[in-house]
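Engineer: All letters in the sequence shown, in the order written, are residues 6 to 361 by this note's numbering.
From the three backbone atoms N, C-alpha and C, an ideal C-beta is built for every residue, glycine too.
The structure displayed is predicted, hence computed values, not measured ones.
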Amino acid sequence: MTALQTQSSEVVIENLSLSFGATEVLKKIDLVISPGEFFSFLGPSGSGKSTLLRAIAGFGPTPKGRILINGEDVAKLPPWERNVGMVFQSYALWPHMSVARNVAFGLEERKLPRAEIDRRVMEALELVDLVDYAQRRPSQLSGGQQQRVALARTIVIEPRVLLLDEPLSNLDANLRVQMRRDILALQRKLKLTTIFVTHDQEEANTTSQRMAVLNNGILQQVGAPMELYDNPANSFVAGFLGTANILQGAVKSLGDETKFVTAAGLQLPHISAAPDAHSIAIRPQNVHLRAPGTGGALAMAGEVAEVEFLGSILRYAATLGGETLLVDHSHTPGEPVFAVGDTVDVVLDADKFIML
Ligand SMILES: Nc1ncnc2c1ncn2[C@@H]1O[C@H](COP(=O)(O)OP(=O)(O)OP(=O)(O)O)[C@@H](O)[C@H]1O
Ligand SMILES: [Mg+2]
Numbered sequence: 006m007t008a009l010q011t012q013s014s015e016v017v018i019e020n021l022s023l024s025f026g027a028t029e030v031l032k033k034i035d036l037v038i039s040p041g042e043f044f045s046f047l048g049p050s051g052s053g054k055s056t057l058l059r060a061i062a063g064f065g066p067t068p069k070g071r072i073l074i075n076g077e078d079v080a081k082l083p084p085w086e087r088n089v090g091m092v093f094q095s096y097a098l099w100p101h102m103s104v105a106r107n108v109a110f111g112l113e114e115r116k117l118p119r120a121e122i123d124r125r126v127m128e129a130l131e132l133v134d135l136v137d138y139a140q141r142r143p144s145q146l147s148g149g150q151q152q153r154v155a156l157a158r159t160i161v162i163e164p165r166v167l168l169l170d171e172p173l174s175n176l177d178a179n180l181r182v183q184m185r186r187d188i189l190a191l192q193r194k195l196k197l198t199t200i201f202v203t204h205d206q207e208e209a210n211t212t213s214q215r216m217a218v219l220n221n222g223i224l225q226q227v228g229a230p231m232e233l234y235d236n237p238a239n240s241f242v243a244g245f246l247g248t249a250n251i252l253q254g255a256v257k258s259l260g261d262e263t264k265f266v267t268a269a270g271l272q273l274p275h276i277s278a279a280p281d282a283h284s285i286a287i288r289p290q291n292v293h294l295r296a297p298g299t300g301g302a303l304a305m306a307g308e309v310a311e312v313e314f315l316g317s318i319l320r321y322a323a324t325l326g327g328e329t330l331l332v333d334h335s336h337t338p339g340e341p342v343f344a345v346g347d348t349v350d351v352v353l354d355a356d357k358f359i360m361l
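1) Quick one: what does DSSP say Ala209 is sitting in, helix, strand or coil?
2) When we look at the beta-carbon of Glu121 and count the other beta-carbons within 10 Å, is it buried (16 or more) or exposed?
3) Just curious, the beta strand (DSSP E) that Val352 is in, first and last residue?
4) Using the beta-carbon count (16 or more within 10 Å), is Lys54 buried or exposed?
5) Below 8 Å, how does it come out for the segment 209-229 and the segment 40-57: are there three or more Cβ pairs, yes or no?
6) Just to confirm, is the Cβ distance from Met360 to His293 under 9 Å?
7) Going by the beta-carbon positions, is the gap between Leu58 and Glu19 smaller than 9 Å?
8) If you count every other CB in all the chains shown that lies within 10 Å of the CB of Ala178, and 16 or more means buried, which is it?
9) Please list the terminal residues of the continuous alpha helix (DSSP H) segment that includes Gly244.
10) So, helix, strand or coil for Gly111, using DSSP?
11) Note down, in chain order, each residue of its chain lying with its Cβ closer than 7 Å to the Cβ of Thr324, except the 5 sequence neighbours on either side.
12) Inspect the CB distances between the segment 241-250 and the segment 281-296 and report whether three or more fall short of 8 Å.
13) Considering only heavy atoms of ligand 1, list every residue whose Cβ is less than 6 Å from one of them, following chain order.
14) Bridge partners for Tyr321 per DSSP, in chain order?
15) Report yes if the C-beta distance between Thr198 and Leu169 is below 9 Å; otherwise report no.
16) Is it buried or exposed, Pro237, if we count other Cβ atoms within 10 angstroms and call 16 or more buried?
17) Tell me whether Glu19 sits in a helix, a strand or coil according to DSSP, three-state version.
18) What does the alpha-carbon distance come out to for the pair Arg215 and Val37?
19) Hey, how far is the Cα of Asp281 from the Cα of Ser335?
20) Quick check: the Cα distance between Gly149 and Leu156, rounded to an integer number of angstroms?
21) So, for Ile162: in the same chain, excluding its five sequence neighbours on each side, which residues have a beta-carbon less than 8 Å away from its beta-carbon?
22) With three or more C-beta pairs closer than 8 Å as the rule, is the segment 39-49 touching the segment 200-214?
23) With distances taken between CB atoms, is the gap from Asn239 to Arg158 smaller than 9 Å?
24) With 16 as the cutoff for other CB atoms within 10 Å, does Glu371 come out buried or exposed?
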């Protein structure tokens, strides 16, 4: 059996802006997505992820700027001339057609020979492990199986790019994890350039080679998940990826010491590489609470304001110098737990501060 033809296309977005009426919802986006890459658009609700994905597919208002697929500007082409495949959050399957007919539909529209349609449908169903379900109706399938039909229906057209808009959000937590692995395995097998939209950072982190973080239609930063987490470009990215204590303030000379002084007056050690920093991001795992008098020379006096047990971690909120910091301790059974109101030594890993 011949495998489905797959293409690893490059997608380049140049100076792309898009408005709904007078409201500009995408602002001067520049992006290069490499052939065969698994790439995510990540951002909060309303940040423009779906609008950007739909612009690549050809849905929605015509944008300003260029969208190049393998060098060809498709920005003004109708969707059916772009040969990209899109999977939506709602699977949008035809309820009255069998699984096989649903998958065949796009090929029948293209009036391909019957034998080729049958061959490609079987290959696509095999890739998503649904050959035994070919004659069922969508209503006779689970949510995860329906999602796999939607995937099969998209890859069967041999798209140049696979676009996935929150494809897992209707599935329960365990199935989401399984499906994201399945999607990744399929993408690796086909080497298909894939753009995945999600507001779930764990989903983006675990699947993507690189991702773009969007906020208010503005591209904030592009990079590998760990790169963005460790070196966020601004306080939005620092706060959106993982949890961060973000404190506003300024670098000040106090006697012969240089400190970062927060708005509330808390004095923190300052990283000399960032003389102009106006905020500091501190991950909760880089703050530690110790019994009073045991935190060492650099410890600061604080008080426990909240305790939350999250399973593998204990998350505290501690107040010190007018600021409140989240503190994560990994949970070990039997380890003493501080209570609300306890006085504590607060120890900060100053070498892990992110100056912004
Ligand atoms: N058809 C439309 N008409 C007018 N405004 C729209 C339309 N579609 C989207 N918008 C606006 O564009 C902005 C971006 O929306 P978009 O759907 O791209 O966000 P998103 O990042 O995908 O959010 P979510 O995570 O909630 O899906 C929002 O402010 C939204 O209200
Ligand atoms: Mg969306």
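Structural biologist: The structure says:
1) helix
2) exposed
3) Thr348 to Leu353
4) buried
5) yes
6) no
7) no
8) exposed
9) Ser240 to Phe245
10) helix
11) Gly307, Glu308 and Ala310
12) yes
13) Phe25, Val30, Gly48, Ser50, Gly51, Ser52, Gly53, Lys54, Ser55, Thr56 and His204
14) Val312 and Val332
15) no
16) buried
17) strand
18) 11 Å
19) 33 Å
20) 11 Å
21) Asn88, Gly90, Gly111, Leu112 and Arg115
22) yes
23) no
24) The structure shown does not extend to residue 371, since the chain spans only 6 to 361, so no value can be given for it.
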